[in-house]
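Undergrad:
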Amino acid sequence: MPRKFTRREMIAGTATALGAAAVAKVGTASAQEGAAASGPIVTVPADPTKLQGLPTSPLGARSPFVRPSRSPVGETVGSSLTPLQELTGPITPSDLHFERHHAGIPVIDPAKHRLMIHGLVDRPITLSLDDLKRFPQVTRTYFIECSGNGRNAFRAPKPDMTAQKVAGMMSTSEWTGVPLATLFREVGAKSDASWFLAEGGDACLMTRSVPMAKAWDDALIVWAQNGEPLRPAQGYPLRLLLPGWEGNINVKWLRRLELGTQPWRTRWETSKYTDPLPGNKSREFSFENDVKSIITSPSHPRTLEARGWYSVQGLAWSGRGRVTKVEVSPDGGRTWEFAELMGPALPKAAVRFQYMLHWTGGEQVLLSRATDDAGFTQPPRAELLAARGLGTDYHFNQIVGWKVARDGAITFHGES
Amino acid sequence: MRHAQLVGLALALGPVIGACGREGNGPAVDASVVVAGYAPAPEYKAGYFGIGTSATRAQIAAWDTDIGPDGAELPAGQGSVREGEEIFRTQCAACHGASGEGMAPVFPALIGRDPRGESFDFASDPSIPRTIGNYWPHATTLYDYIRRAMPLYTPGSLSADQTYAVTAYLLAANQVIPTTAVLDAAALRAVKMPARGRFVADDRSPTTR
Chain A
1447 MPRKFTRREM IAGTATALGA AAVAKVGTAS AQEGAAASGP IVTVPADPTK LQGLPTSPLG
1507 ARSPFVRPSR SPVGETVGSS LTPLQELTGP ITPSDLHFER HHAGIPVIDP AKHRLMIHGL
1567 VDRPITLSLD DLKRFPQVTR TYFIECSGNG RNAFRAPKPD MTAQKVAGMM STSEWTGVPL
1627 ATLFREVGAK SDASWFLAEG GDACLMTRSV PMAKAWDDAL IVWAQNGEPL RPAQGYPLRL
1687 LLPGWEGNIN VKWLRRLELG TQPWRTRWET SKYTDPLPGN KSREFSFEND VKSIITSPSH
1747 PRTLEARGWY SVQGLAWSGR GRVTKVEVSP DGGRTWEFAE LMGPALPKAA VRFQYMLHWT
1807 GGEQVLLSRA TDDAGFTQPP RAELLAARGL GTDYHFNQIV GWKVARDGAI TFHGES
Chain B
1223 MRHAQLVGLA LALGPVIGAC GREGNGPAVD ASVVVAGYAP APEYKAGYFG IGTSATRAQI
1283 AAWDTDIGPD GAELPAGQGS VREGEEIFRT QCAACHGASG EGMAPVFPAL IGRDPRGESF
1343 DFASDPSIPR TIGNYWPHAT TLYDYIRRAM PLYTPGSLSA DQTYAVTAYL LAANQVIPTT
1403 AVLDAAALRA VKMPARGRFV ADDRSPTTR
């Protein structure tokens, strides 16, 4: 009976059988890439058709040649951005979904977790995770975007910015849960309830006020993401999902919903997540994320290696509905052409677009501009700057793009 | 928007979207894509499913600690500026700085009335620090936030008296109340913040950024 080989033996045996000259090693290129991008050193045979491959395993892993990485800041109060330039299609792999936490990621026992609904209701209740899963469920695809996404690119665009840095606080997932409207009907929401408070079970007990109209529209309580339970960083075991609305209000680790008659004016909807505007004022409860797009490929730090055809791709999304069109300018905004939408543009979900570029070796600036079905179009940076000021703090959707130099080098172009 | 409307809109827009494309740069939009909409949730009657456990008064009271802008839920207790200064020194200053100047980028400045901020012209310059004294519209928010989220490594550990005291110290240090003040529920409800009235509703439209 043939003996079973361990993964390690397989790899070692491969190297021995083929000789040192016939193999290459693939592993972490530099320590700076961080733990998320590191992995075991794998020996690559010169001809993989001449020996057995690796055995099956309990959990899949990326090819050792593929090493995407978020950009963690290493703080409990901080963010970690999605490497948009590494992705394909509209969905973000769950382990690359951006993070923004205000008190770290809590470890929550799902068996003990409860969602309480109280306040202006006929029957205040607590629901376990098992309880929630007995209600009629829905599965829908939505993006989540932190409203601070792109702040640095708006205030101080720099040539060495990457797509990850410019727009990496937007991720898209397929979510499964129960419509909030179903739960609010179940508890008998009173007719005078006009706002509800959502509270998370993290160490800051994150709280945001939400108009009841959103609950009756498309709000969800979700427990699954891309075919499996939520990742801890995305709110395991439960999160509020308010499609199209700024990331912070999609309260993670959700434990409580209180129905009332006015917003609570929590720290996160007064001191933070309000938008200073010209005229000595600040906009509050600016929930919807504005329509937005970014070309993710090619993008800095890639270099176009040769003249000829390239599939220019990117992502477009709107917090107000569907993206109806994406235009690409091959000449810095002088002329605009329609890009192809690659698949259905779902409401409040990112859609990938494509534009075939024939690069002839000249310098050119590629820009993208999305329009949604609510009639909004991305503005040039100068227009957004005039309307909101350099000191505005959230909701940056100015047109951005990339400059291609004569040698093919690509740099960020933020001065649309 | 309902399903039928979405489909109708997609069909109406299709020919418009598809009618372009520069010569030599490949195809434009595939106008045949019909966009999916989502059906609204069925309107079940209250209690239809009978799922869940009634929440008891004690359960609700244990979690329902939020303080709204009218301060109706503020608990009994009181605290002085002087008491708050001592708590700030021992429990807050390590992150927020001895003078409440903060430690960027994680720990925000709490204290400061930069002259450039007094006119609330924050849109002109992101470097003007936004603090409790010049940006927070409601004093009740301060009490609510301190009690729920602070101190960072022992959240929820401050008593009602201590929370009133720290709130009082921060308001006094931001020149909102006198340094001799003692705060309780009534006094905190009466505090009017300098930035109150500066906040406006979301008026974004396709032509209003």
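Protein chains in written order, with our numbering: chain A, 1447 to 1862; chain B, 1223 to 1431.
Note that CB positions come from ideal geometry on N, CA and C, so glycine has one too.
Looking at chain A, is there any beta carbon in it that lies within less than 8 Å of the beta carbon of PRO1337 of chain B?
TA: The sequence position of residue 1337 of chain B within the second sequence is 115, counting from 1. Closer than 8 Å: no.
Undergrad: Between which two residues does the alpha helix (DSSP H) containing TYR1365 of chain B stretch?
TA: Here residue 1365 of chain B corresponds to residue number 143 of the second sequence, with the count starting at 1. From DSSP, the alpha helix (DSSP H) with TYR1365 of chain B extends over 1361-1371.
Undergrad: Taking PHE1411 of chain A as part of the beta strand (DSSP E), name the residues at either end of that continuous run.
TA: Residue 1411 of chain A lies beyond the residue range present for chain A, which begins at 1447 and ends at 1862; the question has no answer from this structure.
Undergrad: Spatial neighbours of GLY1596 of chain A within its chain, please: CB distance less than 7 Å, with the 5 preceding and 5 following residues excluded, ordered by chain position.
TA: Here residue 1596 of chain A refers to the residue found at position 150 when the first sequence is read from its first residue. So the list reads VAL1612, ALA1613, PHE1842, once near-sequence residues are dropped.
Undergrad: Assign ALA1468 of chain A to one of three DSSP states: helix, strand, or coil.
TA: Locating residue 1468 of chain A in the first sequence gives position 22, counting from the first residue. Below a pLDDT of 50, predicted positions are generally treated as unreliable, and ALA1468 of chain A, at 44, falls in that range; no measurement from the model is reported.
Undergrad: How many angstroms separate the CA atom of LEU1364 of chain B from the CA atom of ALA1423 of chain B?
TA: Here residue 1364 of chain B is taken as the residue at index 142 of the second sequence, counted from 1. Here residue 1423 of chain B is taken as the residue at index 201 of the second sequence, counted from 1. In a straight line, the C-alpha of LEU1364 of chain B is about 22 Å away from that of ALA1423 of chain B.
Undergrad: Is the CB of GLN1281 of chain B under 8 Å away from at least one CB in chain A?
TA: In the second sequence, counting from the first residue as 1, residue 1281 of chain B sits at position 59. Yes, GLN1281 of chain B lies at the interface with chain A (some Cβ there is under 8 Å from its Cβ).
Undergrad: Assuming ALA1639 of chain A contacts LEU1705 of chain A (C-beta within less than 8 Å), just tell me the rounded distance between them.
TA: Stepping through the first sequence from its first residue, residue 1639 of chain A is reached at position 193. Stepping through the first sequence from its first residue, residue 1705 of chain A is reached at position 259. Indeed, because the Cβ distance is near 4 Å, the residues count as touching under 8 Å.
Undergrad: Report back the beta-carbon spacing between ILE1333 of chain B and ALA1395 of chain B to the nearest angstrom; my notes put them in contact at under 8 Å.
TA: In the second sequence, residue 1333 of chain B corresponds to position 111, counting from 1. In the second sequence, residue 1395 of chain B corresponds to position 173, counting from 1. With a Cβ gap of about 5 Å, ILE1333 of chain B and ALA1395 of chain B count as contacting.
Undergrad: For chain B, is any of its Cβ atoms less than 8 Å away from the one on LEU1527 of chain A?
TA: What you label residue 1527 of chain A is simply residue 81 of the first sequence in a count that begins at 1. With 8 Å as the cut-off, LEU1527 of chain A does not count as an interface residue toward chain B.
Undergrad: Less than 6 Å between C-beta atoms, sequence neighbours within five positions excluded: which residues of the same chain meet that for ALA1791 of chain A?
TA: Position 345 of the first sequence holds residue 1791 of chain A. ARG1768, VAL1769, VAL1797, listed in sequence order.
Undergrad: Using the beta-carbon count (16 or more within 10 Å), is SER1509 of chain A buried or exposed?
TA: Start at 1 with the first residue of the first sequence, and residue 1509 of chain A comes out as number 63. Exposed.
Undergrad: DSSP three-state label for ILE1856 of chain A, please.
TA: In the first sequence, residue 1856 of chain A corresponds to position 410, counting from 1. Reduced to three states, the DSSP call for ILE1856 of chain A is strand.
Undergrad: Quick one: is ASP1839 of chain A buried, meaning 16 or more other Cβ sit within 10 Å of its Cβ, or exposed?
TA: By 1-based counting over the first sequence, the position of residue 1839 of chain A is 393. Flag for ASP1839 of chain A reads buried.
Undergrad: If we ignore side chains and look at the alpha-carbon of each, how far apart do PRO1359 of chain B and SER1637 of chain A end up?
TA: Counted from its first residue, the second sequence places residue 1359 of chain B at position 137. Counted from its first residue, the first sequence places residue 1637 of chain A at position 191. For PRO1359 of chain B and SER1637 of chain A, the distance between alpha carbons rounds to 29 Å.
Undergrad: List the DSSP bridge partners of TRP1691 of chain A.
TA: The sequence position of residue 1691 of chain A within the first sequence is 245, counting from 1. According to DSSP, TRP1691 of chain A bridges with A:GLU1734.
Undergrad: From PRO1678 of chain A to ILE1551 of chain A, what distance separates their C-alpha atoms?
TA: For the purposes of this step, residue 1678 of chain A is taken as residue 232 along the first sequence, with counting starting at 1. For the purposes of this step, residue 1551 of chain A is taken as residue 105 along the first sequence, with counting starting at 1. Their backbone Cα atoms lie some 7 Å apart in a straight line.
Undergrad: Rounded C-beta distance between TRP1805 of chain A and VAL1850 of chain A? I'm assuming under 8 Å.
TA: Here residue 1805 of chain A corresponds to residue number 359 of the first sequence, with the count starting at 1. Here residue 1850 of chain A corresponds to residue number 404 of the first sequence, with the count starting at 1. Indeed they touch by this definition, with Cβ atoms about 7 Å apart.
Undergrad: Give the residues of chain B in contact with ALA1659 of chain A, contact being defined as C-beta atoms less than 9 Å apart.
TA: By one-based count along the first sequence, residue 1659 of chain A stands at place 213. Ordered by position in chain B, no residue passes the 9 Å Cβ test against ALA1659 of chain A, which lies about 13 Å from the chain.
Undergrad: Measuring CA to CA, which of A:CYS1650, A:TRP1669, A:GLU1829 is closest to HIS1559 of chain A?
TA: For the purposes of this step, residue 1559 of chain A is taken as residue 113 along the first sequence, with counting starting at 1. Of A:CYS1650, A:TRP1669, A:GLU1829, the residue nearest in Cα terms is A:TRP1669.
Undergrad: Specify, as a first and last residue, the run of the alpha helix (DSSP H) that LEU1616 of chain A falls within.
TA: Taking the first sequence and counting its residues from 1, the one referred to as residue 1616 of chain A is at position 170. It is worth fixing the name first, because residue 1616 of chain A is Met in this sequence and not Leu. Premise fails: MET1616 of chain A lies in the beta strand (DSSP E), 1616-1625, not in any alpha helix (DSSP H).
Undergrad: Below 9 Å on C-beta distance, what does PHE1310 of chain B contact in chain A?
TA: Within the second sequence, residue 1310 of chain B is the residue found at index 88, counting from 1. What PHE1310 of chain B touches in chain A: nothing, since even the nearest Cβ is about 17 Å away.
Undergrad: What are the residues in the region 1665-1687 of chain A lying within 7 Å of chain B by C-beta distance?
TA: Answer in chain order: no residues at all.
Undergrad: Helix, strand or coil for LYS1849 of chain A per DSSP?
TA: By one-based count along the first sequence, residue 1849 of chain A stands at place 403. Strand, per DSSP.
Undergrad: Could you tell me which chain A residues have their CB closer than 9 Å to the CB of ASP1366 of chain B, listed as they occur along the chain?
TA: In the second sequence, residue 1366 of chain B corresponds to position 144, counting from 1. THR1653, TRP1710, ARG1711, THR1712, ARG1713, listed in chain order.
Undergrad: Between the C-alpha atoms of PRO1504 of chain A and LEU1803 of chain A, what's the straight-line distance to the nearest angstrom?
TA: Residue mapping note: residue 1504 of chain A aligns to position 58 of the first sequence, counting from 1. Residue mapping note: residue 1803 of chain A aligns to position 357 of the first sequence, counting from 1. One C-alpha to the other measures close to 42 Å.
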